[in-house]
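Participant: Once you've had a glance at the structure underneath, I'll fire off some questions.
Number of protein chains: 2
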Amino acid sequence: MICYEPIGTIYSPFTTPEGMPIQPAGAKDVQGRVEVRPAYEEGLHDLEGFSHIFLVYHFHKVDGFDLTVTPFLDNKPHGLFSTRAPRRPNPVGLSVVRLLSRKENILYIEGVDVLDGTPLLDVKPYAPEFDAPGSVRTGWMEKAKRNVEEQRADNRFK
Amino acid sequence: MICYEPIGTIYSPFTTPEGMPIQPAGAKDVQGRVEVRPAYEEGLHDLEGFSHIFLVYHFHKVDGFDLTVTPFLDNKPHGLFSTRAPRRPNPVGLSVVRLLSRKENILYIEGVDVLDGTPLLDVKPYAPEFDAPGSVRTGWMEKAKRNVEEQRADNRFK
Numbered sequence: 004m005i006c007y008e009p010i011g012t013i014y015s016p017f018t019t020p021e022g023m024p025i026q027p028a029g030a031k032d033v034q035g036r037v038e039v040r041p042a043y044e045e046g047l048h049d050l051e052g053f054s055h056i057f058l059v060y061h062f063h064k065v066d067g068f069d070l071t072v073t074p075f076l077d078n079k080p081h082g083l084f085s086t087r088a089p090r091r092p093n094p095v096g097l098s099v100v101r102l103l104s105r106k107e108n109i110l111y112i113e114g115v116d117v118l119d120g121t122p123l124l125d126v127k128p129y130a131p132e133f134d135a136p137g138s139v140r141t142g143w144m145e146k147a148k149r150n151v152e153e154q155r156a157d158n159r160f161k
Numbered sequence: 004m005i006c007y008e009p010i011g012t013i014y015s016p017f018t019t020p021e022g023m024p025i026q027p028a029g030a031k032d033v034q035g036r037v038e039v040r041p042a043y044e045e046g047l048h049d050l051e052g053f054s055h056i057f058l059v060y061h062f063h064k065v066d067g068f069d070l071t072v073t074p075f076l077d078n079k080p081h082g083l084f085s086t087r088a089p090r091r092p093n094p095v096g097l098s099v100v101r102l103l104s105r106k107e108n109i110l111y112i113e114g115v116d117v118l119d120g121t122p123l124l125d126v127k128p129y130a131p132e133f134d135a136p137g138s139v140r141t142g143w144m145e146k147a148k149r150n151v152e153e154q155r156a157d158n159r160f161k
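Keeping their order, the protein sequence lines are chains A and B. With my numbering, you'll find the first sequence wraps up at 161, consecutive numbering, no jumps. With my numbering, you'll find the second sequence wraps up at 161, consecutive numbering, no jumps.
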């Protein structure tokens, strides 16, 4: 077993899973903040030079998982690991968000698609050189992707 | 405390941290494989439609952390969370790799920048709609980024 202690908490306007955007693309203008434990503030220096950051977090409101799921973006079942569904064997969440500013140990962010009170595991700078491959195929999402921004969560993963 | 059990193991040609590429950009042609636990094979269906995937893993060879580090890409110190250094409060690693093919529970991958035997926590499909923001600033990395592909790890994070 690998055990982690949250380094902070993510705050957002979303207090229940219903009606949440599915990914930051659907939450472009939604603002929130990350409160990192004050003991780690020194580690946040220079982060404000980056326009975007990865938040790695724990889906704290989910329980269990199914290996085949019908994701929000489609009406056909798919293998769980080919989706971003929160109910996973290890419910680790990953979002790229815009970093608006930093004040001491608080990060002000935009494009937040996570539930209020989500435990934060890590913050990493986003760098296209590492993180944005060139020519990309996205399988079953290809057809569905035009609808992403309009999709909202329902009870499916409660 | 949040505890996870690895869902599989990442295999690569890198058996020691020295000489490893720092990120997949420096490991473009390096091939490896991911062995997901057979019990989770069903969850991998449809993943092969995606050209790229996120691997979320545990840096199993690191110990402790410093909040200020001098990363491989620069010769100036920076806040830990503005770097991708493996020694972190929660040593969670994140890489985008190319998915070459899948055979049952085995994923054949390219662009592997992780150590052989690394415990895998999660696999997610990479989708530019979610994961590739448009206009991006990368702070201290801006100057250094031209050198990323030539950089190799040393003993700094042992």
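Positions of the beta carbon are idealized from the N, C-alpha and C atoms, including for glycine. Given the structure is predicted, the values throughout are model-derived calculations rather than measurements.
1) How many Å lie between B/V115 and A/K31 at the Cα?
2) Within its chain, find whatever has a CB closer than 8 angstroms to the CB of A/K127; leave out the 5 residues flanking it on each side and keep chain order.
3) Whole-angstrom Cβ separation of B/S15 and B/L118, contact assumed at under 8 angstroms?
4) In angstroms, rounded to a whole number, what distance separates the CA positions of B/A147 and A/P136?
5) Could you tell me whether the Cβ of B/K127 comes closer than 7 angstroms to any Cβ of chain A?
6) Quick check on A/P128: does DSSP put it in helix, strand or coil?
7) Measure the alpha-carbon distance for B/R105 versus B/I5 and round it to whole angstroms.
8) Leaving out the 5 sequence neighbours to the left and right, which residues in its chain are closer than 8 angstroms to A/S138 when beta-carbon positions are compared?
9) Bridge partners for A/K106 per DSSP, in chain order?
10) To the nearest angstrom, report how far apart A/R36 and A/Y129 are at their CA atoms.
11) What residues are listed by DSSP as bridge partners for B/P122?
12) Report the residue from B/F133, B/D77, B/V65, B/H61 whose alpha carbon sits nearest the alpha carbon of B/K98.
13) Taking beta-carbon pairs under 8 angstroms, can you tell me which members of the stretch 72–88 of chain B lie near chain A?
14) Short of 8 angstroms in beta carbon distance, which residues of its chain neighbour A/H81, apart from the five on each side in sequence? Order them along the chain.
15) With a threshold of 6 angstroms, establish whether the CB of B/Y129 neighbours any heavy atom of the ligand NAD.
16) Does any residue of chain B have a CB that is nearer than 7 angstroms to the CB of A/F62?
17) Residues of chain B with a CB under 7 angstroms from the CB of A/Y43: which are they?
Facilitator: To lay it out plainly:
1) Spanning the two alpha carbons is a distance of roughly 31 angstroms.
2) The beta carbon of A/K127 lies closer than 8 angstroms to those of I56, F57, V59 in the same chain, with the five residues before and after it left out.
3) The C-beta distance from B/S15 to B/L118 rounds to 7 angstroms, short enough to fall under 8 angstroms.
4) Roughly 19 angstroms between the two C-alpha positions.
5) Closer than 7 angstroms to some Cβ of chain A, the Cβ of B/K127 qualifies, so yes.
6) In the structure shown, A/P128 sits in a strand (DSSP, three-state: E or B).
7) Approximately 30 angstroms between the Cα atoms of the pair.
8) Once the five neighbours on either side are set aside, A/S138 has no close Cβ partner at all.
9) Residue pairing of A/K106 in beta bridges, as defined by DSSP: A/I109.
10) Rounded to the nearest angstrom, the gap between the Cα atoms of A/R36 and A/Y129 is 17 angstroms.
11) The partner list for B/P122 (beta bridge, DSSP) reads B/T12.
12) Going by the sequence as given, residue 98 of chain B is Ser instead of Lys. Across the set B/F133, B/D77, B/V65, B/H61, the C-alpha of B/H61 shows the shortest separation from the C-alpha of B/S98.
13) Against chain A - using a Cβ distance shorter than 8 angstroms - the residues of the stretch 72–88 of chain B are H81, G82, L83, F84, S85, T86, R87.
14) Excluding its 5 nearest sequence neighbours in each direction, A/H81 has C-beta neighbours in its own chain below 8 angstroms: T71, V72, T73, P74, W143, listed in chain order.
15) The ligand NAD is absent from the structure shown, which contains no ligand whatsoever.
16) Taking Cβ atoms only, chain B never reaches closer than 7 angstroms to A/F62, which makes this a no.
17) For A/Y43, the neighbours in chain B by C-beta distance under 7 angstroms run, in chain order, L70, P92.
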